[in-house]
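Quick note, the sequence shown lines up with residues 1 to 244 if you use UniProt numbering.
Every residue gets a Cβ at the ideal spot worked out from N, C-alpha and C, and that includes glycine.
Keep in mind it's a predicted model, so treat the numbers as computed, not measured.
Okay, structure first, notes after.
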Amino acid sequence: MKLKSLEHSPQVYARLWGGLYLLVIVFGGFAEGFVTDKLVVAGNVAASAQNILASPGLWSLGVAANLFVVVFAVPQLWIEYLFLSKVNKPLMQLSLLLGVVSLAVEAVSKVFLLLILPILNNPDYLTVFDVHQVQVLANIALKSHNVAFNIALIFFGLACLVNGYLIFKSGYLPKLIGLLLQLAGICYLIACFAALFTPAFSNLLTPSILIPPLIGESTLCLWLLVKGVKSEHVVFRTTKDGGN
(Lines of atoms letter the chains of each structure in order from A and count residues from 1; the text may use other names and numbers.)
(Lines give C-alpha, C1' and ligand atoms only; values in the text may rest on other atoms or scores of the structure.)
Protein backbone atom coordinates (compact mmCIF):
# COMPACT_ATOMS: atom_id res chain seq x y z
CA MET A 1 0.00 0.00 0.00
CA LYS A 2 1.47 3.32 -1.08
CA LEU A 3 1.39 6.15 1.47
CA LYS A 4 -0.03 9.43 0.25
CA SER A 5 2.40 12.34 0.38
CA LEU A 6 2.19 15.08 2.98
CA GLU A 7 1.13 17.56 0.29
CA HIS A 8 -1.88 15.41 -0.65
CA SER A 9 -2.94 14.48 2.89
CA PRO A 10 -1.87 17.23 5.32
CA GLN A 11 -4.78 16.64 7.70
CA VAL A 12 -4.05 12.92 7.93
CA TYR A 13 -0.42 13.65 8.83
CA ALA A 14 -1.46 16.42 11.23
CA ARG A 15 -3.78 14.08 13.13
CA LEU A 16 -1.14 11.36 13.12
CA TRP A 17 1.26 13.92 14.61
CA GLY A 18 -1.33 14.79 17.25
CA GLY A 19 -2.15 11.13 17.92
CA LEU A 20 1.50 10.21 18.46
CA TYR A 21 1.92 13.26 20.70
CA LEU A 22 -1.10 12.12 22.73
CA LEU A 23 0.43 8.66 23.17
CA VAL A 24 3.69 10.24 24.35
CA ILE A 25 1.82 12.38 26.90
CA VAL A 26 -0.39 9.54 28.16
CA PHE A 27 2.36 6.91 28.41
CA GLY A 28 4.80 9.41 29.91
CA GLY A 29 2.18 10.61 32.39
CA PHE A 30 1.42 7.04 33.43
CA ALA A 31 5.09 6.11 33.82
CA GLU A 32 6.32 9.22 35.62
CA GLY A 33 3.17 10.75 37.07
CA PHE A 34 1.54 7.56 38.35
CA VAL A 35 3.97 4.63 38.67
CA THR A 36 7.04 6.56 39.84
CA ASP A 37 5.03 8.78 42.21
CA LYS A 38 3.28 5.74 43.65
CA LEU A 39 6.30 3.49 44.17
CA VAL A 40 9.32 5.76 44.64
CA VAL A 41 9.56 7.54 47.98
CA ALA A 42 11.85 10.55 47.78
CA GLY A 43 14.74 10.30 50.20
CA ASN A 44 13.80 6.81 51.38
CA VAL A 45 15.82 4.12 49.61
CA ALA A 46 14.42 1.22 51.62
CA ALA A 47 10.77 2.20 51.20
CA SER A 48 11.23 2.67 47.44
CA ALA A 49 12.84 -0.76 47.09
CA GLN A 50 10.11 -2.41 49.16
CA ASN A 51 7.38 -0.75 47.10
CA ILE A 52 8.95 -1.90 43.82
CA LEU A 53 9.36 -5.46 45.08
CA ALA A 54 5.76 -5.44 46.35
CA SER A 55 4.43 -4.31 42.93
CA PRO A 56 6.80 -5.75 40.29
CA GLY A 57 4.06 -5.89 37.66
CA LEU A 58 3.19 -2.21 38.05
CA TRP A 59 6.87 -1.25 38.01
CA SER A 60 7.43 -3.27 34.82
CA LEU A 61 4.42 -1.60 33.19
CA GLY A 62 5.88 1.78 34.07
CA VAL A 63 9.24 0.88 32.55
CA ALA A 64 7.51 -0.45 29.41
CA ALA A 65 5.51 2.78 29.14
CA ASN A 66 8.76 4.76 29.40
CA LEU A 67 10.20 2.75 26.51
CA PHE A 68 7.08 3.24 24.39
CA VAL A 69 7.41 7.00 24.86
CA VAL A 70 10.71 6.87 22.99
CA VAL A 71 9.27 4.57 20.33
CA PHE A 72 6.26 6.85 19.68
CA ALA A 73 8.45 9.96 19.71
CA VAL A 74 10.53 8.79 16.73
CA PRO A 75 7.74 8.92 14.09
CA GLN A 76 6.37 12.02 15.83
CA LEU A 77 9.72 13.73 15.26
CA TRP A 78 9.69 12.65 11.62
CA ILE A 79 6.24 14.18 11.04
CA GLU A 80 7.30 17.39 12.81
CA TYR A 81 10.18 17.59 10.38
CA LEU A 82 7.90 17.07 7.36
CA PHE A 83 5.70 19.98 8.43
CA LEU A 84 8.09 22.49 9.95
CA SER A 85 10.88 22.11 7.40
CA LYS A 86 8.44 23.83 5.02
CA VAL A 87 8.77 26.95 7.17
CA ASN A 88 12.54 27.09 7.59
CA LYS A 89 14.53 24.02 6.62
CA PRO A 90 17.88 24.93 8.26
CA LEU A 91 16.20 25.70 11.60
CA MET A 92 14.14 22.52 11.43
CA GLN A 93 17.30 20.54 10.72
CA LEU A 94 18.73 22.01 13.91
CA SER A 95 15.56 21.01 15.76
CA LEU A 96 15.74 17.52 14.27
CA LEU A 97 19.34 17.16 15.48
CA LEU A 98 18.35 18.30 18.98
CA GLY A 99 15.43 15.88 18.95
CA VAL A 100 17.58 12.93 17.85
CA VAL A 101 20.13 13.64 20.60
CA SER A 102 17.32 13.95 23.15
CA LEU A 103 15.75 10.64 22.16
CA ALA A 104 19.10 8.87 22.06
CA VAL A 105 19.96 9.98 25.60
CA GLU A 106 16.44 9.21 26.79
CA ALA A 107 16.62 5.70 25.31
CA VAL A 108 19.89 5.07 27.17
CA SER A 109 18.33 6.37 30.39
CA LYS A 110 15.74 3.58 30.26
CA VAL A 111 18.53 1.00 30.55
CA PHE A 112 18.95 2.09 34.18
CA LEU A 113 15.23 1.56 34.83
CA LEU A 114 15.44 -1.93 33.35
CA LEU A 115 18.23 -2.78 35.80
CA ILE A 116 16.39 -1.84 38.99
CA LEU A 117 14.06 -4.83 39.40
CA PRO A 118 16.74 -7.43 38.46
CA ILE A 119 19.10 -5.85 41.00
CA LEU A 120 16.50 -6.06 43.76
CA ASN A 121 15.40 -9.58 42.77
CA ASN A 122 18.81 -11.19 42.28
CA PRO A 123 19.59 -13.47 45.27
CA ASP A 124 23.24 -13.74 44.19
CA TYR A 125 23.79 -10.12 45.17
CA LEU A 126 22.86 -10.96 48.76
CA THR A 127 25.86 -13.29 48.98
CA VAL A 128 28.12 -10.26 48.48
CA PHE A 129 26.03 -7.32 49.72
CA ASP A 130 23.57 -6.94 52.53
CA VAL A 131 19.95 -5.93 51.84
CA HIS A 132 20.55 -2.23 52.36
CA GLN A 133 23.53 -2.23 49.99
CA VAL A 134 21.44 -3.92 47.30
CA GLN A 135 18.78 -1.26 47.80
CA VAL A 136 21.43 1.43 47.41
CA LEU A 137 22.60 -0.15 44.14
CA ALA A 138 19.05 -0.02 42.83
CA ASN A 139 18.74 3.58 43.98
CA ILE A 140 21.95 4.47 42.13
CA ALA A 141 20.39 3.04 38.96
CA LEU A 142 17.25 5.12 39.57
CA LYS A 143 19.28 8.29 40.13
CA SER A 144 21.34 7.56 37.00
CA HIS A 145 18.10 7.37 35.03
CA ASN A 146 16.95 10.69 36.47
CA VAL A 147 20.24 12.40 35.56
CA ALA A 148 20.19 11.06 31.99
CA PHE A 149 16.49 11.90 31.62
CA ASN A 150 17.11 15.52 32.68
CA ILE A 151 19.95 15.77 30.16
CA ALA A 152 17.60 14.43 27.46
CA LEU A 153 14.97 17.02 28.42
CA ILE A 154 17.53 19.82 28.08
CA PHE A 155 17.92 18.97 24.39
CA PHE A 156 14.14 18.58 24.09
CA GLY A 157 13.66 21.99 25.70
CA LEU A 158 15.96 23.54 23.12
CA ALA A 159 14.01 21.78 20.36
CA CYS A 160 10.78 23.21 21.81
CA LEU A 161 12.22 26.73 21.51
CA VAL A 162 13.00 26.17 17.83
CA ASN A 163 9.73 24.38 17.05
CA GLY A 164 7.75 27.06 18.87
CA TYR A 165 9.33 29.72 16.67
CA LEU A 166 8.62 27.71 13.51
CA ILE A 167 5.00 27.14 14.52
CA PHE A 168 4.64 30.88 15.27
CA LYS A 169 5.98 31.74 11.81
CA SER A 170 4.18 28.96 9.93
CA GLY A 171 0.72 30.47 9.57
CA TYR A 172 -0.96 27.06 9.61
CA LEU A 173 -1.09 26.67 13.38
CA PRO A 174 -2.10 29.39 15.87
CA LYS A 175 0.71 31.69 16.95
CA LEU A 176 -0.32 31.18 20.57
CA ILE A 177 0.63 27.49 20.33
CA GLY A 178 4.09 28.49 19.16
CA LEU A 179 4.49 30.83 22.12
CA LEU A 180 3.23 28.19 24.56
CA LEU A 181 5.70 25.67 23.16
CA GLN A 182 8.55 28.15 23.59
CA LEU A 183 7.45 28.77 27.19
CA ALA A 184 7.46 24.99 27.67
CA GLY A 185 11.03 24.86 26.37
CA ILE A 186 12.16 27.59 28.78
CA CYS A 187 10.51 25.78 31.70
CA TYR A 188 12.16 22.48 30.75
CA LEU A 189 15.57 24.16 30.64
CA ILE A 190 15.11 25.84 34.03
CA ALA A 191 13.70 22.70 35.65
CA CYS A 192 16.39 20.36 34.30
CA PHE A 193 19.38 22.57 35.05
CA ALA A 194 17.98 23.14 38.54
CA ALA A 195 17.51 19.39 39.07
CA LEU A 196 21.07 18.67 37.94
CA PHE A 197 22.92 21.46 39.76
CA THR A 198 20.71 22.96 42.49
CA PRO A 199 18.45 20.18 43.87
CA ALA A 200 17.19 22.32 46.76
CA PHE A 201 16.01 25.01 44.33
CA SER A 202 14.55 22.31 42.09
CA ASN A 203 12.38 21.07 44.97
CA LEU A 204 10.89 24.56 45.25
CA LEU A 205 10.14 24.72 41.52
CA THR A 206 8.68 21.24 41.06
CA PRO A 207 5.97 20.44 40.11
CA SER A 208 4.71 23.99 39.42
CA ILE A 209 7.28 24.70 36.71
CA LEU A 210 6.08 21.65 34.74
CA ILE A 211 2.55 23.02 34.39
CA PRO A 212 3.37 25.35 31.41
CA PRO A 213 4.97 22.46 29.45
CA LEU A 214 1.90 20.31 30.10
CA ILE A 215 -0.38 23.11 28.88
CA GLY A 216 1.74 23.91 25.83
CA GLU A 217 2.24 20.34 24.65
CA SER A 218 -1.37 19.34 25.38
CA THR A 219 -2.66 22.36 23.47
CA LEU A 220 -0.58 21.48 20.42
CA CYS A 221 -1.62 17.84 20.65
CA LEU A 222 -5.36 18.56 20.98
CA TRP A 223 -5.33 21.25 18.28
CA LEU A 224 -3.75 18.83 15.82
CA LEU A 225 -6.29 16.12 16.69
CA VAL A 226 -9.37 18.35 16.61
CA LYS A 227 -8.53 21.14 14.15
CA GLY A 228 -5.60 19.82 12.19
CA VAL A 229 -3.73 22.40 10.10
CA LYS A 230 -4.91 25.19 7.85
CA SER A 231 -5.30 25.11 4.07
CA GLU A 232 -2.71 23.36 1.91
CA HIS A 233 -1.63 26.50 0.10
CA VAL A 234 -0.55 27.97 3.45
CA VAL A 235 1.10 24.77 4.73
CA PHE A 236 3.32 24.27 1.71
CA ARG A 237 4.38 27.75 0.76
CA THR A 238 8.13 28.42 0.60
CA THR A 239 9.13 31.24 2.94
CA LYS A 240 11.93 33.71 2.37
CA ASP A 241 13.66 32.91 5.65
CA GLY A 242 13.82 29.16 5.08
CA GLY A 243 12.80 27.60 1.85
CA ASN A 244 13.59 24.08 0.68
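As assigned by DSSP and simplified to three states, the class of residue i
i	result
Asn-88	strand
Val-35	helix
Ser-9	coil
Asn-122	coil
Lys-227	coil
Ser-55	coil
Ala-42	coil
Thr-206	coil
residue 291	Past the boundaries of the shown model lies residue 291; the chain is included only from 1 to 244, so the question cannot be answered.
Leu-16	helix
Val-128	coil
Gly-29	helix
Through-space distance from residue j to residue i, alpha-carbon basis
i	j	result
Pro-213	Phe-156	11 Å
Gly-19	Cys-221	7 Å
His-132	Val-108	26 Å
Lys-175	Val-105	30 Å
Gln-76	Tyr-13	10 Å
Ala-152	Lys-227	30 Å
Pro-10	Lys-86	12 Å
Leu-58	Thr-127	27 Å
Ser-202	Asn-44	18 Å
Asp-37	Asn-163	30 Å
Gly-33	Val-111	19 Å
Ala-47	Trp-223	41 Å
Trp-17	Pro-207	27 Å
Lys-89	Val-134	50 Å
Gly-62	Arg-15	26 Å
Leu-142	Leu-225	35 Å
Val-26	Glu-80	19 Å
Ala-200	Met-92	35 Å
Ser-144	Leu-137	11 Å
Ser-218	Asn-122	40 Å
Phe-193	Asn-51	29 Å
Ile-211	Tyr-125	41 Å
Nearest residue (CA-CA) to residue i, options the options
i	options	result
Leu-39	Pro-207, Leu-117, Glu-217	Leu-117
Leu-98	Phe-112, Trp-78, Lys-86, Lys-110	Trp-78
Leu-53	Gly-171, Leu-120, Thr-127	Leu-120
Gln-182	Arg-15, Tyr-165, Leu-173	Tyr-165
Val-41	Leu-179, Asn-139, Phe-68	Asn-139
Thr-198	Asn-150, Gly-171, Thr-219	Asn-150
Leu-23	Phe-72, Val-63, Val-35	Phe-72
Ser-55	Tyr-81, Ala-64, Val-35, Ala-65	Val-35
Ala-65	Val-101, Gly-28, Val-100	Gly-28
Leu-84	His-145, Tyr-125, Lys-169, Val-100	Lys-169
Ala-148	Leu-82, Tyr-125, Val-101	Val-101
Run of the alpha helix (DSSP H) containing residue i, from where it starts to where it stops
i	result
Ser-170	131–170
Leu-189	175–197
Assumed close pair residue i, residue j - CB separation to whole angstroms, cut-off 8 Å
i	j	result
Pro-209	Ala-191	Here residue 209 turns out to be Ile, not Pro, going by the sequence shown. Between Ala-191 and Ile-209 the Cβ distance is about 5 Å, and since that is below 8 Å, they are a contact.
Leu-161	Gly-185	4 Å
Ala-49	Ser-95	Rounded, the Cβ-Cβ distance is 39 Å, inconsistent with contact.
Leu-103	Val-74	7 Å
Val-69	Ala-31	7 Å
Leu-189	Ile-154	6 Å
Ile-180	Gly-216	Per the sequence shown, the amino acid found at residue 180 is Leu instead of Ile. That pair is a contact at about 4 Å.
Gly-178	Lys-230	14 Å between Cβ atoms; not a contact.
Heavy atom of the ligand SAH within 7 Å of residue i beta-carbon
i	result
Leu-67	Among the components modelled here there is no ligand, and therefore nothing to report on the ligand SAH.
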